[in-house]
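A.B. asks: This is the structure, below, for whatever I ask next.
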Amino acid sequence: MLTAVRVFASRLLGSFRRKRLDAEIEEEFQSHLQMLADRFVGQGMTKTEALRAARQQFGGVAQVEEELRKRSGLAFLDLLWQDLRYGLRMLRKSPGFTVVAVLTLALGIGANSTIFSWISSTLLNPIPGVTHTADLVTVMRGERSDHPTPPFSYLDYRDLRDHNRSFAGLLAYHDDFMSLTGVGKPERVYGALTSGNYFDVLGVHPILGRGFLPSEEQPGAAVAVISYALWQTHFGRDSSVIGKTLRINRHPYTIIGVAPPEFQGCKAGLRSDIWIPLGMDRLAWGANRPEDRATFWLNVLGRMRPGVTGAQAQADLNLLMRQIVEHSPDAHRGTANQITLDPLWRSPFGVNAYFYETLPMLLGLASVLLLLACANVANLLLVRSVVRRRELAIRLAIGATRAQLVCQLLVESLILGLAGGVVAIVMTFWTSGRLAELVPPNTLPLTLGAHVDDRVLLVTAAASIFAALIFGILPALRSSGLAVQTVLKEEAGTVSMAFHKSRLSSGLVVAQIAFSLLLLICAGLFTRSLENAQYSDPGFDPSHVLVASYELSPAGYTSETYVAFDRQLIAKLAALPGVKSVTLADFSPLSFTIHTDYLEVGGYVPQPRESMEISRAIVGPDYFHVMGTSLISGRDFTGADGPGAQPVAIVNQAFVDRYWPGQNAIGKRVKDDEWLTVVGVARNAKYRLLTYPPEPVVYLPLYQTYRYTQDTVIHLRALGDPQAMAFAVERAVHQMNPDLPLFDVNPLTVTMQMGVVFQRIAAVFAASYGVLAMLLAAVGIYGVVAYATRQRTREIGIRMALGSERADIFRLVLGQGLRLAVAGLAIGVALSLVLTRFLKSSLYGVGATDALTFVTVAIALTAVTAVACYIPARRAMRVDPMVALRHE
0 MLTAVRVFAS
10 RLLGSFRRKR
20 LDAEIEEEFQ
30 SHLQMLADRF
40 VGQGMTKTEA
50 LRAARQQFGG
60 VAQVEEELRK
70 RSGLAFLDLL
80 WQDLRYGLRM
90 LRKSPGFTVV
100 AVLTLALGIG
110 ANSTIFSWIS
120 STLLNPIPGV
130 THTADLVTVM
140 RGERSDHPTP
150 PFSYLDYRDL
160 RDHNRSFAGL
170 LAYHDDFMSL
180 TGVGKPERVY
190 GALTSGNYFD
200 VLGVHPILGR
210 GFLPSEEQPG
220 AAVAVISYAL
230 WQTHFGRDSS
240 VIGKTLRINR
250 HPYTIIGVAP
260 PEFQGCKAGL
270 RSDIWIPLGM
280 DRLAWGANRP
290 EDRATFWLNV
300 LGRMRPGVTG
310 AQAQADLNLL
320 MRQIVEHSPD
330 AHRGTANQIT
340 LDPLWRSPFG
350 VNAYFYETLP
360 MLLGLASVLL
370 LLACANVANL
380 LLVRSVVRRR
390 ELAIRLAIGA
400 TRAQLVCQLL
410 VESLILGLAG
420 GVVAIVMTFW
430 TSGRLAELVP
440 PNTLPLTLGA
450 HVDDRVLLVT
460 AAASIFAALI
470 FGILPALRSS
480 GLAVQTVLKE
490 EAGTVSMAFH
500 KSRLSSGLVV
510 AQIAFSLLLL
520 ICAGLFTRSL
530 ENAQYSDPGF
540 DPSHVLVASY
550 ELSPAGYTSE
560 TYVAFDRQLI
570 AKLAALPGVK
580 SVTLADFSPL
590 SFTIHTDYLE
600 VGGYVPQPRE
610 SMEISRAIVG
620 PDYFHVMGTS
630 LISGRDFTGA
640 DGPGAQPVAI
650 VNQAFVDRYW
660 PGQNAIGKRV
670 KDDEWLTVVG
680 VARNAKYRLL
690 TYPPEPVVYL
700 PLYQTYRYTQ
710 DTVIHLRALG
720 DPQAMAFAVE
730 RAVHQMNPDL
740 PLFDVNPLTV
750 TMQMGVVFQR
760 IAAVFAASYG
770 VLAMLLAAVG
780 IYGVVAYATR
790 QRTREIGIRM
800 ALGSERADIF
810 RLVLGQGLRL
820 AVAGLAIGVA
830 LSLVLTRFLK
840 SSLYGVGATD
850 ALTFVTVAIA
860 LTAVTAVACY
870 IPARRAMRVD
880 PMVALRHE
């Protein structure tokens, strides 16, 4: 206390000295000004004219004002430095309070910085290594879709690229898996076929060699650019790699460049390792897609010219697209040809399509948690201010102003906030990389390596300062409004002051309980939604099913040898001990691998601008029997549905309801490459996300429908544990072709977890925030009730001396806490009824105002607050009235 008095006395003395020095400067200025004015009077001017002329000629006013400003700034910095030193000294004297406050803030700030690090890496920087990403847009044809497919043919893209007036460049790409040989063990890598201007439009410059030339977009240019990671792992960072050869899908390519380390391609969240020109499609895959205007297989990005708006660019492309459709109507029949532009962060391709709603929602929940942490620390500061009231009163008594006192207390809050931010950043260095761990095993080359960058540091610093103001301003204003005379007396004002302060503390606790209830209800809704999705009927039986993938086209198989291989493999796998049944397909359910095609439906006339892009699955014989999906009518595919047989198809019930409502689908036709006759109607099943409603699906027989670029997925139903069959399946495949890699070997119950991955992320973090919020609320209400009870010790002693029973005291204290809880619950329920409606689109099988969730959470939070109030209530009922009165 004496130290505090000396500090403030020194500060006041320093202030007096600065004022005296400023007065001397002003006096000297006035003296020089008067001398100059007297000189002008001697030249015949009046006194007024002379003074005006002196002021104009002598620049002392500006000089003095500048000097005063400098001194004021120095004085402010000096005061700020003193406040910082004093604040650190006071916090060091209360290590328990400091540690609790810093850790509480670190939890709130760390939750926000973690989510923001994910937002920074996925939404704000969707394709790292690209310059001026704000100028880049995704070009889409048709409306936004939950399952978009590449929207352009090469010929359409070329016409748009060459004739538009709004873009500095349009690039096209098609990403796919490739078989890499010639550099060690054969490997399956993810790569892209790109237009010749790919690297130029993106502004990416290879660190070795060069990018593609426009002329290399044509067939015959067997060149490749490899990623930095591939250069490291396969070529040992050999600087002479340019000109070397590697084999992609069995064909030799010359390496002409190495991409920068940060560049991973232009599909957000997916890593590419090889880029080759579009013209090599025929050589690499045996396809002829660049020459077919009706084959839509390319994604398109555009860099807009300076000064061009999105609306202008979209109108420009739509005009060109109408001309293209008029020129080639047959190639665009059944397709939606309206062009839309999306910024990269909202691109429907890549992980952003699923994260741009989930992550901002989680950031909102984290912000509520930060407010709870601020309320908790504010209550701690209010309690601490009572201990420091005599110190604060003495400072006011010796001349400190209330503004100086508020400034000092806010500096202490700022120290706490920044310390919490530092701890939060340390936590974020670890938590930012945990996003990928929430994603189950899958076939996608995901790159979700979020990290702490400059944006995260800046936002964390801003959140720390904002939090310091939030939790520091009310305690500072309340603590500085002291009645000095009352405080400096004995303890006369203790009870009234404690009651006055407890009202603010009680208000903060009510806010904590209300926000805690909101977070817990959100957590409950997300948890119930996840549970409903996981236990919903997907339309097939995933138990005891093993899935494993292989790809034949890069190994040189033709359509004839492809079918022969598949037939032999099914027979070989079916003969394995422990196998109940087996089939093949070109996708795995609920793993984002099902395809779509533009189909024509017999007897159905599309509406204007209606897209006929429909989900399409290629499946082997007995697929529905193996998967446990019942057929409503008709038959399953058999081994006889092969080349030369009648082209057939099976549709699901959603397809019938959409295109042939109330009609018998058996015998009707759909057109893919040719007209197919429907021989069966299958029960609806979910193949994209468990939370999506059933969508129309057309199934094509594997032996009739050879796709050059498709993976083939084994679906094997085992009698026991499917994982135990993995080695036997791999051995059977390698007996037929020892060089054919088998990948993504997992039980179907594991891979289908991708169908609820975003619900799981939301549920995990909402539940974590809810638990933390409940703990903070419990600590807050315990602290307020315990503090208020301690301040009422004399009152409790008097009550007991006058005859109150211990049970009466217990009910008195417990009732005080429960009243706060009831008020918080009432506000929290009202708040939740309003805000949870924004979660409606993210929930599955549960309403945004689900009564069961609201009631359960309210009861649980009431029980927790009752326990928090029980401890101080028990302590109060054990007070000895004689000891209490003697102490007072």
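All letters in the sequence shown, in the order written, are residues 0 to 887 by numbering that gives the first Met the number 0.
Glycine included, each C-beta is placed from N, C-alpha and C at the ideal position.
Is there contact here, the segment 90 to 110 with the segment 353 to 368, by at least three beta-carbon pairs under 8 Å?
C.D. replies: Touching, yes, given that three or more Cβ pairs across the two stretches are closer than 8 Å.
A.B. asks: According to DSSP, VAL915 sits in a beta bridge with which residue or residues?
C.D. replies: Past the boundaries of the shown model lies residue 915; the chain is included only from 0 to 887, so the question cannot be answered.
A.B. asks: Could you have a look at SER366 and say whether DSSP puts it in helix, strand or coil?
C.D. replies: Numbered from its first residue, the sequence shown carries residue 366 at position 367. In the structure shown, SER366 sits in a helix (DSSP, three-state: H, G or I).
A.B. asks: Using only CA atoms, which one of TRP674, GLY827, HIS131 and ASN531 lies nearest to GLY202?
C.D. replies: For the purposes of this step, residue 202 is taken as the residue at position 203 of the sequence shown. Comparing Cα positions, the closest option is HIS131.
A.B. asks: Within its chain, find whatever has a CB closer than 6 Å to the CB of THR430; leave out the 5 residues flanking it on each side and keep chain order.
C.D. replies: The residue you call residue 430 lines up with position 431 of the sequence shown. THR113, listed in sequence order.
A.B. asks: May I ask you to report which of helix, strand or coil DSSP gives VAL578?
C.D. replies: Here residue 578 refers to the residue found at position 579 of the sequence shown. The answer is strand: DSSP assigns VAL578 an E or B state.
A.B. asks: Three-state secondary structure (DSSP) at GLN62?
C.D. replies: By 1-based counting over the sequence shown, the position of residue 62 is 63. Unreliable positioning characterises GLN62 in this predicted model, as indicated by a pLDDT of 49, which lies under 50. The coordinate reading is nonetheless provided below. Helix.
A.B. asks: Counting pairs of Cβ atoms below 8 Å between the segment 333 to 350 and the segment 191 to 202, do you hit three or more?
C.D. replies: No, they do not touch.
A.B. asks: Report the three-state DSSP secondary structure of ASN287 (helix, strand or coil).
C.D. replies: One-based indexing of the sequence shown puts residue 287 at position 288. Coil at ASN287, not helix or strand.
A.B. asks: Rounded to a whole number of angstroms, what is the C-alpha to C-alpha distance between ALA820 and VAL509?
C.D. replies: The count along the sequence shown starts at 1 and reaches residue 820 at position 821. The count along the sequence shown starts at 1 and reaches residue 509 at position 510. Rounded to whole angstroms, ALA820 to VAL509 spans 7 Å at the Cα level.
A.B. asks: If you follow the beta strand (DSSP E) that LYS670 is part of, which residue opens it and which one closes it?
C.D. replies: Numbered from its first residue, the sequence shown carries residue 670 at position 671. From DSSP, the beta strand (DSSP E) with LYS670 extends over 668 to 670.
A.B. asks: In the structure shown, what three-state DSSP assignment does ASP134 receive?
C.D. replies: Numbered from 1 along the sequence shown, position 135 holds the residue referred to as residue 134. Three-state DSSP puts ASP134 in a helix.
A.B. asks: Distance, Cα to Cα, GLN311 vs PHE166?
C.D. replies: Indexing the sequence shown from 1 puts residue 311 at position 312. Indexing the sequence shown from 1 puts residue 166 at position 167. Those two C-alpha atoms are separated by around 10 Å.
A.B. asks: According to DSSP, which residues form a beta bridge with ASN745?
C.D. replies: If you number the sequence shown from 1, residue 745 lands on position 746. In the DSSP output, where bridge partners are listed per residue, ASN745 has VAL546.
A.B. asks: So PRO871 is in the alpha helix (DSSP H); what residue range does that whole segment cover?
C.D. replies: Here residue 871 is taken as the residue at index 872 of the sequence shown, counted from 1. Where PRO871 is concerned, the enclosing alpha helix (DSSP H) stretches over 850 to 876.
A.B. asks: I need the straight-line Cα distance from GLY242 to HIS733, nearest angstrom please.
C.D. replies: Residue numbering aside, residue 242 sits at position 243 when the sequence shown is read from its first letter. Residue numbering aside, residue 733 sits at position 734 when the sequence shown is read from its first letter. Approximately 33 Å, taken between the alpha carbons.
A.B. asks: Need the endpoints of the alpha helix (DSSP H) that GLU215 sits in, please.
C.D. replies: The count along the sequence shown starts at 1 and reaches residue 215 at position 216. Looking at the DSSP string, GLU215 is not in any alpha helix (DSSP H), and its letter there is neither H nor E.
A.B. asks: How do the segment 556 to 564 and the segment 589 to 605 stand: do at least 3 beta-carbon pairs fall below 8 Å, yes or no?
C.D. replies: Counting Cβ pairs under 8 Å, fewer than three are found: no touch.
A.B. asks: Tell me which residue opens and which closes the beta strand (DSSP E) that ASP640 is part of.
C.D. replies: Numbered from 1 along the sequence shown, position 641 holds the residue referred to as residue 640. Premise fails: ASP640 is in no beta strand (DSSP E) and is neither H nor E.
A.B. asks: So the alpha helix (DSSP H) THR430 belongs to, where does it begin and stop?
C.D. replies: For the purposes of this step, residue 430 is taken as the residue at position 431 of the sequence shown. Counting along the chain, the alpha helix (DSSP H) containing THR430 begins and ends at 401 to 430.
A.B. asks: How would you write the range of the beta strand (DSSP E) that GLY95 sits in, first residue to last?
C.D. replies: If you number the sequence shown from 1, residue 95 lands on position 96. GLY95 -> not in any beta strand (DSSP E); alpha helix (DSSP H) instead, spanning 94 to 118.
A.B. asks: For MET888, does the count of other Cβ atoms within 10 angstroms reach 16, so buried, or fall short, so exposed?
C.D. replies: An answer regarding residue 888 cannot be provided, because it is not within the stretch 0 to 887 covered by the chain.
A.B. asks: Return the chain-ordered list of same chain residues with a C-beta closer than 8 Å to the C-beta of GLY895, the five sequence neighbours on each side being excluded.
C.D. replies: Outside the shown range of the chain, which is 0 to 887, sits residue 895, and nothing can be said about it.
A.B. asks: How many angstroms separate the CA atom of TYR549 from the CA atom of PHE564?
C.D. replies: Counted from its first residue, the sequence shown places residue 549 at position 550. Counted from its first residue, the sequence shown places residue 564 at position 565. Distance between the alpha carbons of TYR549 and PHE564: 12 Å.
A.B. asks: What residue does the alpha helix (DSSP H) around MET303 start on, and which one ends it?
C.D. replies: Counting from one through the sequence shown, the residue named residue 303 turns up at place 304. Element bounds for MET303: not the alpha helix (DSSP H) but the beta strand (DSSP E), 298 to 303.
A.B. asks: Is the Cβ-Cβ distance between GLY349 and GLY268 less than 7 Å?
C.D. replies: Here residue 349 corresponds to residue number 350 of the sequence shown, with the count starting at 1. Here residue 268 corresponds to residue number 269 of the sequence shown, with the count starting at 1. Yes, Cβ-Cβ distance for GLY349 and GLY268 is below 7 Å.
A.B. asks: Report back the beta-carbon spacing between ALA684 and ILE631 to the nearest angstrom; my notes put them in contact at under 8 Å.
C.D. replies: The residue labelled residue 684 in the question sits at position 685 within the sequence shown. The residue labelled residue 631 in the question sits at position 632 within the sequence shown. Between ILE631 and ALA684 the Cβ distance is about 12 Å, and since that is not below 8 Å, they are no contact.
A.B. asks: Once you ignore the five residues that flank GLN511 on each side, which residues in its own chain have a CB closer than 6 Å to its CB?
C.D. replies: Here the question's residue 511 lines up with position 512 in the sequence shown. Cβ neighbours of GLN511 beyond the five flanking positions: LEU371, ALA374, ALA776 and GLY779.
A.B. asks: Using only CA atoms, which one of SER535, THR595, GLY471 and LEU90 lies nearest to PRO150?
C.D. replies: Counted from its first residue, the sequence shown places residue 150 at position 151. It is THR595 whose Cα lies nearest to the Cα of PRO150.
A.B. asks: Helix, strand or coil, according to DSSP, for LEU739 in the structure here?
C.D. replies: Counting from 1 along the sequence shown, the entry for residue 739 is found at position 740. In this structure, LEU739 counts as coil in the three-state DSSP scheme.
A.B. asks: Just how far apart, CA to CA, sit THR446 and ARG527?
C.D. replies: The residue labelled residue 446 in the question sits at position 447 within the sequence shown. The residue labelled residue 527 in the question sits at position 528 within the sequence shown. Their backbone Cα atoms lie some 29 Å apart in a straight line.
A.B. asks: What residues match up with ASP174 in a beta bridge as DSSP calls it?
C.D. replies: Position 175 of the sequence shown, counted from the first residue, corresponds to residue 174. DSSP, once it has assigned bridges, lists ALA191 as partnering ASP174.
A.B. asks: On the three-pair Cβ rule with 8 Å, is the segment 604 to 620 touching the segment 762 to 774?
C.D. replies: With the cut-off at 8 Å, the segment 604 to 620 and the segment 762 to 774 do not touch.
A.B. asks: Distance, Cα to Cα, TRP344 vs GLY86?
C.D. replies: Translated into the one-based positions of the sequence shown, residue 344 becomes position 345. Translated into the one-based positions of the sequence shown, residue 86 becomes position 87. Answer to the nearest angstrom: the Cα atoms are 43 Å apart.
A.B. asks: Taking C-beta to C-beta, are PRO439 and GLN752 nearer than 7 Å?
C.D. replies: Here residue 439 refers to the residue found at position 440 of the sequence shown. Here residue 752 refers to the residue found at position 753 of the sequence shown. Yes; because the gap between Cβ atoms is below 7 Å, this pair is in contact.
A.B. asks: Mapping the DSSP letters down to three states, classify ASP565 as helix, strand or coil.
C.D. replies: The residue given as residue 565 occupies position 566 in the sequence shown. If DSSP states are grouped into helix, strand and coil, ASP565 belongs with the helices.
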